[in-house]
Amino acid sequence: MNNRVIRVDQLARVEGEGSLIVKVNDGKVADVKLRIFEPPRFFEAFLRGRKFTEAPDITARICGICPVAYQMSSVLAMEDAMGLTVDDQIRQLRRLLYCGEWIESHVLHMYMLHAPDFLGYEDALLLAKDKPELVARALKMKKIGNDVMNIVGGREIHPVNVRVGGFYRVPRKEELEPLVERLKWGLDQAIDTAKLVSTFEFPDFETEYEFVSLRHPEEYPLMGGRIVTSSGLDISIREYEFHFEERHVPHSNALHGLERGHGRYSVGPLARFNLNFDRLSPLARQVAADVKIGPVMKNPFKSIIVRAIETVYAYEQALQIIQAYEPPASPSHAVTVSAGIGCGASEAPRGMLYHRYRVTDDGLIRDAKIVPPTAQNQPTIEEDVRQFVTKFAGLPREELTWKCEQAVRNYDPCISCATHFVRLEIT
Amino acid sequence: MPPKKPKVAVFKFASCDGCQLSLLDAEDELLLVAGAVDIANFPEASRRVLPGPYDIGLVEGSITTPHDVERVREIRKQCRVLIAIGACATAGGIQALRNWKDVKEFTRTVYASPEYISTLDRSMPVGSYIHVDFELRGCPINKHQLLEVLNAYLNKRKPTIPTSSVCMECKLRGTVCVMVAQRTPCLGPATQAGCGAICPTYDRGCYGCFGPMENPNTGALAEHFEELGESRQDIMLAFRGFNAYAEAFRKESDAHE
Amino acid sequence: MYIIDSTELHNLMEELIKRGYLLIGPTVRSGAIVLESIRTVDDLPRGFGDEQEPSHYSLKRRNDAMLFGFVVGPVSWKKFLYPPRLTMFKATRAGKSFTIAPEGTDKNRKLAFIGVRPCEVSGILMQDQVFTGGKYVDRAYKAARDNAFIVAVNCTVTGGNCFCASMGTGPGATRGFDIALTEVLGGGKHYFVASAGTPRGEEVLGAVTQREATEPESRSALDAVARAAESLTKRMDIRELPQLLKDNFENPRWDDVAKRCLACTNCTMVCPTCFCSTVEDATDLTGMHAERSRRWDSCFTLDFTKVAGGNIRPSIRARYRQWLTHKLSNWMDQFGTLGCVGCGRCITWCPSGIDITAEVDAIRGNSVHA
Amino acid sequence: MKHETIQPPAAPGEGLRLHTVTVKKVIWETDDTFTLQIDLGEMGETFSFLPGQFNMLYVFGLGEAAISISSDASQGGMLAHTIHRVGTVTTGLAQMKRGDVIGLRGPFGTAWPITAARGKDVCIVAGGIGLAPLRPVMYAMLRERTAFERIILLYGARSPLDLLYRVELEEWAKEHNVEVLVTVDRGDSSWKGYIGVVTSLFSYLKLDARATVGYVCGPETMMKYTIDEMERRGLAEDQIYLSMERNMKCAVGFCGHCQYGPEFICKDGPVFTLPRIRHLLDKKEL
Ligand SMILES: Cc1cc2nc3c(=O)[nH]c(=O)nc-3n(C[C@H](O)[C@H](O)[C@H](O)COP(=O)(O)OP(=O)(O)OC[C@H]3O[C@@H](n4cnc5c(N)ncnc54)[C@H](O)[C@@H]3O)c2cc1C
Ligand code: SF4
Ligand code: SF4
Ligand code: SF4
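Protein sequences, first through last, are from chains A, B, C and D. Each residue of the first sequence is one higher than the one before, counting from 1 in our numbering. Each residue of the second sequence is one higher than the one before, counting from 1001 in our numbering. Each residue of the third sequence is one higher than the one before, counting from 2001 in our numbering. Each residue of the fourth sequence is one higher than the one before, counting from 3001 in our numbering.
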């Protein structure tokens, strides 16, 4: 029980390639390494010299799980650089698209990636053998999210319809209407899902976090707004890089995000929920009350419940946006190219995603910086595992290993995202 | 005894995960697929890993490190049928844009300890290192096409994956040509069908994410782009996209360098 | 000849709806005039015209209220008679055998085509020849065709790529319609001169209007069509054309056009007479169900002529030559007419702007036998 | 043109209807070529074909292939097809077992005009699988052996192992007075016969040019050389018939794939008189 090494050579049910190594010496955790060995893809390097209009399509390819997040952060950053604010109709349509991604991604994570841990299955397909109706329902719920992206974005993975200034074509009312009944159904299922996942057995584990998320004046955060932290920081998105930085650690191809003067921090559902509980819809708050969670929630394993509540919110928002939908007169705003620097941030399902671009006056990208949520969470994930192993060192090896994996999966880490951002500073 | 189900494995190299996610996105068919095959190795979806050999291996992602090369060779040995899925695996993907740059230099300037980072000069398609039985195009692949390919191999027939242009799909779908009616440059006439011509249907030009079609006439298309007022640089960038390193597109972009 | 006032055109549409027809007609979408299901006169492109050049199409506003003041758009009527995709049958395994369930097309679906241009009427007649005129009959086509009611509209405006007069197919329709209309607008009047071409056309027309056209009214209509004929700028010289192309199987022009042709298949997809198709066989994951479907194909694809030993037409040069020669030469041997109606769609919708009339001229010019 | 190929009538619409028929036997002729015997069942009562015609054979889920009928047209109820395994459908057919069911549409196309050869010499030249559509011709003529003068069969295959119908070839020669000359591209130690292309066999023959009808089927180049050889020996061009092949989807003239200049191989062919297509033969990429 004294010296041991916990290894998970290939982390499963996460997006991308990573491994976890925990070294325990004399019953104490000596080292935790979330190794990300997925090779870097140098996005920020080859964004240079591309047209600013290409950013949403190119950056989407960083991650097939949350392409909309990349598209949204990039168009917001570009619009910031060009001094453009889109009107509310287009903004709502973007939110609708984003809700589609939240639904798809959250349902995928809850049922296909995370729930099997709680229910003791190796994957959702094995779970489907015993509980076919549960998995069938999940697939149906997820498909609604995908269809929202299909209709608004043209396809669910790497939508084609997003552009700086708006969309290429906006959907007709008749195209969206068939979604209404399905979204209503999905909303009911999401409420039920919250109830279901709240009955899971959660390890008795809480820890202190510095939460970081966007905050919008009226809405639960999806796009834009300000950046707030649980320690009271409240800054504009443009100020992000004054307060946050990334460091390269040798054991990972992903950079580690750190808050200056604070160290590690956490983004994602837990952060959003704890910092923006008051911005949730009354229904979503009610569901939270019913399943007895509220801020401040510090058990990362319970992030699955928060995802369920965010899913409730996403279905509800999607429904409202469609019900109020009137196609805008023009699918996009004209963009006047001007040199400048722009920053944009939005809330990917996994947490805040920050983009910054410098654009030259001929509309080419001079340089780009992209900070994905998993990079920001990496130090926190390692810390969670460290504390967890310290507390539960007595568990049998098999179980402890599985639980450690689960502790990583709490963050729904997207390793593909995290590694695709090795920045190249050429002097 | 029911007949043994074919074992299917999914492998990932440098990629965005989107292509393998297509399998999970096939909501209506996923459980049918799971019933028809034994998903033996699919880390994105399961912690269960059954040892090879596998009947069908789906390989996503491009080869970018020396370790990748070894691994993909090993995977080839393990798979009876090996199918490369997506632009990364079939053409090197968007990350092949680095093939025009000096990557070693990049790495040295970026990493504090460059010895930890091991990359090849180029991001290459899987097929440049091993024999591939079928290449399924797309960035991302189309999930219906993925199901069709799986289905075809399970039923021992040829997959119905046309290699003709996006234009054909565009017309089959009844979309109004954006290049003719709106003078929007469109790569459709040189790009392989498969996406369902979504871009033109959403009022924009095709950006070539399914790679070059069967013997494309990229030169004639580039000329037409010029007539539409595109600059040399625009044309270079248009061909140097998600399938930049696919031969026909590479040559055309180089010609406009 | 009868008169339908422009304000009463809806009576014709309603009469057809009443008789169980679904109306298909021109309407504006995505910057073009396409053929889609319509319900009322308001769905028609009132006040719209179009401008067409090789590889160029644009809608423009007319300064009048013409309902049919444009020419042919990207969609041809063939898609309603000969659909882009059609399931031919479904089969289900049963032990060592299988059962086949043919997919009948909906025999009861009745379509009324509103605004079929004379060249397009000819196009339909040509496809009739292909699918119903020989030893074998395409039942799905025949059923759809028997159920189609054709309201032709003679052309009083012409487009930059129209050359119907050269092909003898327009701008006025002489046969192949149930009802033919000519739109007349001027002198404060806006009406249609209508005539019936079939007994059922007669019947419908009779239910819509009783007012016979006066001599000046009919003359205005004829004049409008005659003016259109004069305004045609594009021509194709079809003298001895079938033989000319046979003699010019080798001609430098084929190399020239091969440089420009993208083999994108657009010309064949938009052509109202092109009829090539392929079949696709599918199975489901269990291997228990199979399906065979047919979809439009094109002689510009590589698969088209693949055989076990190789490919018959690997070069784009040979594929373009096949297309043009089929239309303007072999068609004559096969069906007794040329295979082109002069609608100009292949010119407008070719991204490369390849102009069939110019290619013919060039070949004529280069011809060893010219 | 004195002699046209025969165009049997077809019931309207029939061409697209698929019938299910039962496999009776699979006989492997060579490593990659087999003969599929089919029991027509009830359909046998109405099904009749002429030598040279073909069927579209459908394998469940895999698709269709055009395959000539290689059996005796007088044997109602039973059909044979000799098939070279080259791709999906032909491989599917190769895996059939007795009792399996396949789909069949047909028969299609024109036939060899056997009556045109009555009272004359017949020179049949076949290359590879091209012998299959000519076998029904042999059967028909042998049934009335005396109605024809000389019957000559020149047959070329890639190697001795690729020869089709070996037993029958011998039988025809021995028992029916057919002049059978066989050659292979590549011999082996057991091969005592001719080596070389099929046209080289002409040098062992004397033909009565004015009284000989020629039937040719094989790869296109082989047919071209054969025609040259026949004409050099004075055969009239309208006495020469050949069977063509192209990619084919519908077999009824709708799909457009099999066009050969103005001809549709499926309905104007596959058997053509030479004058009808001679101007097409030399055209590359037609
Ligand atoms: C009138 C006619 C009669 C024929 N008779 C016979 C016969 O008696 N015995 C025999 O073995 N074969 C015959 N063939 C050829 C046979 O049809 C093809 O070999 C077969 O279609 C290949 O199908 P497949 O699915 O096995 O091959 P595929 O999987 O389709 O692939 C093999 C290759 O053949 C191509 N191909 C597709 N259709 C045809 C076609 N119709 N002809 C040639 N190549 C094609 C494919 O594109 C591909 O390149 C005949 C063809 C015709 C047109
Ligand atoms: S829009 Fe693009 S893909 Fe569609 S027909 Fe035009 S050029 Fe081809
Ligand atoms: S060939 Fe061209 S002009 Fe002639 S009918 Fe077809 S599309 Fe119209
Ligand atoms: S002629 Fe024009 S439309 Fe036709 S295939 Fe060639 S480029 Fe395409």
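We treat Cβ as the ideally placed atom computed from N, Cα and C, and that holds for glycine.
- In the DSSP assignment, TYR2021(C) forms a beta bridge with LYS2110(C).
- A distance of 8 Å or more separates the beta carbons of GLY166(A) and PRO327(A).
- Counted as a single uninterrupted DSSP element, the alpha helix (DSSP H) harbouring PRO2216(C) occupies residues 2215-2231.
- Close to chain D, meaning a Cβ-Cβ distance shorter than 8 Å, are the following residues of the segment 2109-2137 of chain C: VAL2130, PHE2131, GLY2134, LYS2135, TYR2136 and VAL2137.
- Short note on PHE2300(C): C-beta not closer than 7 Å to any heavy atom of ligand 1.
- Boundaries of the alpha helix (DSSP H) around CYS2164(C): 2164-2167.
- With contact defined as three or more Cβ pairs closer than 8 Å, the segment 2155-2165 of chain C and the segment 2110-2125 of chain C are in contact.
- Neighbours of CYS1139(B) across chain A, judged by C-beta separation under 8 Å: ARG61 and HIS158.
- The Cβ neighbour count for TYR3204(D), taken over all protein chains shown within 10 Å, is under 16; the residue is labelled exposed.
- Counting along the chain, HIS1224(B) sits inside the alpha helix (DSSP H) bounded by residues 1218-1227.
- In chain C, no part has a C-beta under 8 Å from the C-beta of GLN1145(B); the shortest such distance is about 12 Å.
- Scanning PRO1189(B), ILE1085(B), ILE1063(B) and ALA1193(B) for the CA closest to the CA of ALA1009(B) turns up ILE1085(B).
- Under the three-state reduction of DSSP, SER1253(B) is assigned to helix.
- The beta carbon of GLY1205(B) sits closer than 7 Å to those of VAL1178, MET1179, THR1184, PRO1185, CYS1186, LEU1187 and CYS1199, all from its chain and outside the five residues before and after it, given in chain order.
- In this structure the segment 110-117 of chain A does not lie against the segment 364-371 of chain A, because fewer than three pairs of beta carbons, one per stretch, are closer than 8 Å.
- Put simply, the backbone Cα of GLY3087(D) is about 10 Å away from that of LEU3093(D).
- Listed along chain B, the residues sitting closer than 8 Å to VAL135(A) by beta-carbon distance are LEU1031.
- Sixteen is the threshold: since fewer than 16 other Cβ atoms of the shown chains lie within 10 Å of the Cβ of THR2007(C), the residue is exposed.
- Listed by position along chain B, the residues whose Cβ is nearer than 8 Å to that of LYS140(A) are GLU1027.
- Annotated as proximal: ILE2124(C) and LEU2081(C), with beta-carbon spacing under 8 Å.
- In the DSSP assignment, GLN1182(B) falls within the alpha helix (DSSP H) that extends over 1178-1182.
- Within the segment 2023-2036 of chain C, contact with chain B at the beta-carbon level (separation under 8 Å) is assigned to ARG2029, SER2030, GLY2031, ALA2032 and VAL2034.
- For MET112(A), at least one C-beta of chain B is nearer than 8 Å to its own C-beta.
- Listed along the chain, the chain B residues whose CB falls inside 8 Å of the CB of ASP2281(C) are ARG1157 and THR1160.
- The C-alpha of LEU1050(B) lies about 6 Å from the C-alpha of ASN1041(B).
- VAL2307(C) has its CB nearer than 7 Å to a heavy atom of ligand 1.
- The criterion of a C-beta distance shorter than 8 Å is satisfied by TRP3112(D) and VAL3137(D).
- Put simply, the CB of GLY3061(D) is near chain B, with a gap under 8 Å to one of its CB atoms.
- The set of residues whose C-beta lies within less than 7 Å of a heavy atom of ligand 2 reads, in chain order, SER1165(B), VAL1166(B), CYS1167(B), CYS1170(B), LYS1171(B), THR1175(B), CYS1177(B), VAL1178(B), MET1179(B), VAL1180(B), CYS1186(B), GLY1188(B), PRO1189(B), ALA1197(B), PRO1200(B), GLY1205(B), CYS1206(B), CYS2264(C), ASN2266(C) and PRO2351(C).
- Under the DSSP assignment, TYR2136(C) falls outside any alpha helix (DSSP H); it carries neither an H nor an E label.
- In the DSSP assignment, CYS3123(D) falls within the unbroken beta strand (DSSP E) covering 3121-3127.
- VAL306(A) is the residue among TRP402(A), ARG95(A) and VAL306(A) whose C-alpha sits nearest the C-alpha of ASP290(A).
- Distance from the CA atom of GLN3053(D) to the CA atom of MET3248(D), rounded to whole angstroms, is 14 Å.
- Here VAL2360(C) carries a helix assignment [DSSP, helix/strand/coil].
- Taking 8 Å as the cut-off, the Cβ atoms of VAL3198(D) and LEU3154(D) count as close.
- Ligand 1 has a heavy atom closer than 7 Å to the beta-carbon of LYS1158(B).
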